[in-house]
Structure formats: structure tokens, C-alpha cells
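Colleague:
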Amino acid sequence: MFNSQFTQQVSRKFAERLRREAGDDVERQVALACQLALCREPSDKERAMLCDFVAHESLEECCRVVLNLNEFVYPE
Amino acid sequence: MTRFIPNRTPCGRTRREFLWEVGGGFAGLALADMLHAEERTRSPLAEKPQHFPARARHCVFLFMNGGPSQVDTFDPKPELDKRDGQPYAGDAKVGSNGRPIGHLMKSPFPFAHHGESGLEISSLFPHTARHADSLCVIRSMHADTAAHASGCLQMNTGNIFIGRPSVGAWLSYGLGTANQNLPAYVVMTDPRGGPIGSASNWSAGYMPASYQGTLFRSVGSPLLDLATPEGTTDRTQRHSLDLLRSLNEEHLQLRPDNSELAAADRVLRACLSHAERSH
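Chains R and E supply the protein sequences, listed in that same order.
If you use my numbering, the first sequence closes out at 76, no skipped numbers anywhere.
If you use my numbering, the second sequence closes out at 1279, no skipped numbers anywhere.
1) Determine the DSSP secondary structure at phenylalanine 1161/E, reduced to helix, strand or coil.
2) Distance check for alanine 1046/E and glutamate 1039/E, CA to CA, integer angstroms please.
3) Could you please give me the residues that DSSP links to phenylalanine 1111/E through a beta bridge?
4) Taking the runs of the beta strand (DSSP E) that are 3 residues or longer, which of them lie wholly in the region 1072 to 1103 of chain E?
5) First and last residue of the beta strand (DSSP E) that includes phenylalanine 1216/E?
6) Does DSSP put methionine 1188/E in a helix, a strand or coil?
7) How is glycine 1193/E classed by DSSP in three states: helix, strand or coil?
8) Counting C-beta neighbours from all protein chains within 10 Å, is the total for cysteine 62/R 16 or more, i.e. buried, or is it exposed?
9) Check distances from the C-beta atoms of the region 1179 to 1203 of chain E to those of chain R and list, in chain order, the residues that come in under 9 Å.
10) Could you work out which residues of chain E lie near glutamine 35/R, taking near to mean beta carbons separated by less than 7 Å?
11) Can you find a CB in chain R that lies within less than 7 Å of the CB of proline 1044/E?
12) Straight-line CA distance for cysteine 1152/E to phenylalanine 1074/E?
13) Taking histidine 1131/E as the reference, give the member of Glu1116/E, Pro1049/E and Thr1177/E with the closest Cα.
14) At a Cβ threshold of 7 Å, is leucine 18/R touching chain E?
15) If you draw a straight line from the alpha carbon of glutamine 1212/E to that of arginine 1083/E, how long is it in whole angstroms?
16) How should tyrosine 1088/E be labelled, buried or exposed, when 16 other C-beta atoms within 10 angstroms of its C-beta is the threshold for buried?
17) Using the Cβ count rule (16 or more neighbours within 10 Å means buried), how would you classify asparagine 1248/E?
18) How should glutamine 29/R be labelled, buried or exposed, when 16 other C-beta atoms within 10 angstroms of its C-beta is the threshold for buried?
19) Is the shortest distance between the beta-carbon of aspartate 1225/E and the beta-carbons of chain B less than 7 Å?
20) Whole angstroms are fine: how far does the CA of aspartate 1072/E sit from the CA of alanine 1263/E?
21) Please report the Cβ distance between glutamate 41/R and cysteine 34/R, rounded to the nearest whole angstrom; I am assuming they are in contact, meaning their Cβ atoms lie under 8 Å.
22) Just to check my reading of the structure: serine 1210/E and arginine 1255/E have Cβ atoms closer than 8 Å, yes? What is that Cβ distance to the nearest angstrom?
23) May I ask you to report which of helix, strand or coil DSSP gives methionine 1155/E?
24) Cutting at 8 Å between CB atoms, please list the residues of its own chain near methionine 1001/E, excluding the five before and the five after it.
25) Do you know how far the Cα of alanine 48/R is from the Cα of leucine 59/R?
26) Can you confirm whether threonine 1236/E, when its beta carbon is compared against all beta carbons of chain R, has any partner nearer than 7 Å?
27) Excluding sequence positions up to five away, which residues of its chain have a Cβ less than 8 Å from the Cβ of isoleucine 1121/E?
28) Mind listing the chain E neighbours of glutamate 27/R? Cutoff is C-beta to C-beta under 9 Å, in chain order.
29) According to the neighbour-count rule (16 or more other Cβ atoms, all chains shown, within 10 Å of its Cβ), is asparagine 1280/E buried or exposed?
30) Pop quiz: proline 1229/E and asparagine 3/R are said to be a contact at Cβ under 8 Å. What is the actual Cβ separation, rounded to whole angstroms?
31) Counting only beta-carbon separations shorter than 7 Å, does proline 1229/E have a partner in chain R?
32) Quick check on the DSSP output: what are the complete alpha helix (DSSP H) runs of length 4 or more inside the region 13 to 64 of chain R, in order along the chain?
33) Counting only C-beta atoms, is glutamine 9/R closer than 7 Å to chain E at any point?
34) Residues of chain R with a CB under 9 Å from the CB of leucine 1247/E: which are they?
35) Mapping DSSP to helix, strand and coil, what is aspartate 1225/E?
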């Protein structure tokens, strides 16, 4: 799931939606990603980690990580 | 003096019998072990000291779904020979899949004694027969069903219902593994297709997910999507895996008893250590 082409495609679409709905503000993009994928707000620590990651890598790559989180993959 | 007589329940078992059957027995051994606090911090696949010295370190189990009948290969039935052509007189009302039961038929393949042990093997296996003294044949196994899927499941898990650990899961649980970076229990299927019932045959059942079999595909890449996707640099892959692990650890800390998450975490750690070694 982490390396599949499908996840790559979905990550790109997810990032497009985040930009469309949250604008260019990375904190808002990251918060919306958590709301949509995890049904909750990110903790302060998570927000900082995700924002830092987007700054160094990309929003698409960040989406790939979020869509692979155990919290997203395994229903409770 | 009145003797204590437990009330019979509608299912015809005392409460004690019921609890023993569902929770006691063999499963209780695993449960007692899993409840130990120190077990939680250790890998469930770590090598374990044995009750008795074990010479075997591995087990290769070839399960031939749809292989030729035991009656025609390693298990001669003299009574069947005598009743050849007679109508069936047993208890079963219908055959497999509701088909009517026909007349009895003896094996068309003659048996002969082979090797010093005198093991009986049919004419179907002349080459195998030369190795009779290297074989151990168990003829005492029987199934509770004539249906193929549940029969397969019983062969692999001991029960016709889904939910019991497979024999490989028990071995992984009992022996552990010396290799902490690769799965302890690997399943390889025939390129033409796996057994009926597929993954339920190598399930960990009620045991932690760490003991379930890992399927290696027989065609193409044995594990799908093992390689870093095209266009992703090694550095990015590394950063992403690090972030994924950190976020998952936060999540796992709130759920220490979820074995599926713990198993996923171990797989990820194994991926990370392989990624490190390949650089």
C-alpha cells in the first residue's frame, strides 16, 4: 500500500483537493488532511511534524504518509 | 447430605464444561503466556526456549489441495476390496455437495510392501516406493466433513470453522524465529491458484496477527509493491517511512494491546532496516 501506483494516484488527488479547499496555507492543508482521513484534528505535535515534512518534501508525499497511517488503514 | 449437581444448560453442558471447551484446552496455554507483562515488550517472534530439546528448526509443509486419494496411494483398504461393487451401507445420507452415493469401488491400483519397513504403497508411486524407509506415513487422520473447503480448513487448523490458528501459526508461536527481519511463517501457493478457502488456511486465528502466514506470490515479484515507486528518491522514501513510523508510534502508544497494529509496526521496522542495509 505504501509503494503501489494506486496510492500514488490517490495521494496526488488528495493533495489537489487539500489545495483547492484549504488554499496555500500548509497548516490548514495538514489540518484538513487529518479531518478528512482520520475524522479528527491533528495534535500540536502531529501538526508540527506534518508541516515540517511538507516544507522539506511535498504535500503529495505527505498525503501518501497520511493514507498509510495505521489509524487510517485499520478501522477501530 | 446432598451431592452438588450442576444445572444443565440448554446446550447440554455445565458452565464449567462450556468455559473449558471455549477458553481452556490448548488455547489456554497461549493465553497464559500472552498475559505475561514481559511478553508485551518482547517480539512475539523471538526464539523461545523449548520444553524439550528440539532438533527441528524449520518445517516445510506441502499441502496438496486436490491430490490423489489416500485410498489409491498410501492407505490400502482391504475391507473396501472385499465390498467392491456392493451398495454403500454407512450412515451418510448424501455424498459431497448433495450428490447421491453410488456403489463402493476398490482402488484400481494394486498395493505392495516396500523397503525394510514394509510400507504399503500403490503402483501409482513406483519411484517414491524406493524411498519407503525414509517416509513416515500417518493413516489415522480423518475429517469431520466431506466438504472440501471445510476439510482443507480442518487439515490446516484442526477445525472445520474459520477462527483457529493454522499449524504454521502454532509453529511460529512455539518456536519463534532467529531472524527478526523476515517473516517466520511464509506461504507459497501453486501458480495455478491457492487452496480452496485461501488465507483462512494460514490464518493466526485467535492468536496475535504476528503469527499469521505471509503470502509470497509464485508469479512475478513475490511481494507486491516492495520496491520504492518510480520517481521517488531514496531520501524521500526514507523521510516518509520515518514520519510514518513516528506518527504510528504515537497512535500505538494509546493502543498497546492491538496486535494487528503491532504486527504492522514490525513489518514497517523490517522495511526500514532493509532500506538501511541496501544503501
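Ideal placement from N, C-alpha and C gives every residue a C-beta, glycine not left out.
Please read these numbers as outputs of a predicted model, since none were measured by experiment.
Modeller: The structure says:
1) coil
2) For glutamate 1039/E, the predicted structure reports a pLDDT of 47, less than 50, and the residue's modelled location is therefore unreliable. A value from the coordinates is still provided. Their Cα atoms are separated by approximately 10 Å.
3) Ser1122/E
4) none
5) Following the DSSP letters along the chain, one finds phenylalanine 1216/E inside the beta strand (DSSP E) bounded by residues 1214 to 1216.
6) strand
7) Shown here, glycine 1193/E sits in a strand according to DSSP, grouped into three states.
8) buried
9) none
10) Per Cβ cutoff of 7 Å: no residues; glutamine 35/R is ~16 Å from chain E at best.
11) no
12) A direct Cα-Cα distance of roughly 19 Å separates cysteine 1152/E from phenylalanine 1074/E.
13) Glu1116/E
14) It does not; no Cβ of chain E falls within 7 Å.
15) 44 Å
16) exposed
17) buried
18) buried
19) As a matter of chain content, chain B is missing from the structure shown, whose protein chains are R and E.
20) The alpha-carbon atoms of alanine 1263/E and aspartate 1072/E are separated by roughly 43 Å.
21) Indeed they touch by this definition, with Cβ atoms about 6 Å apart.
22) Actually they do not touch by this definition, with Cβ atoms about 15 Å apart.
23) It is helical.
24) Residue placement at methionine 1001/E is poorly supported in this model, since its pLDDT is 44, which falls under 50; the coordinates still yield a value, given next. So the list is empty, once near-sequence residues are dropped.
25) 14 Å
26) yes
27) Thr1073, Phe1074, Phe1111, Ala1112, His1114, Thr1128, Ala1129 and Ala1132
28) Those within 9 Å of glutamate 27/R in chain E number zero; the least Cβ separation is about 16 Å.
29) Residue 1280/E lies beyond the stretch modelled for chain E, which goes from 1001 to 1279, so this question has no answer here.
30) 5 Å
31) yes
32) 26 to 38 and 44 to 56
33) no
34) Glu46, Met49, Leu50, Val65, Val66, Leu69, Asn70 and Glu71
35) coil
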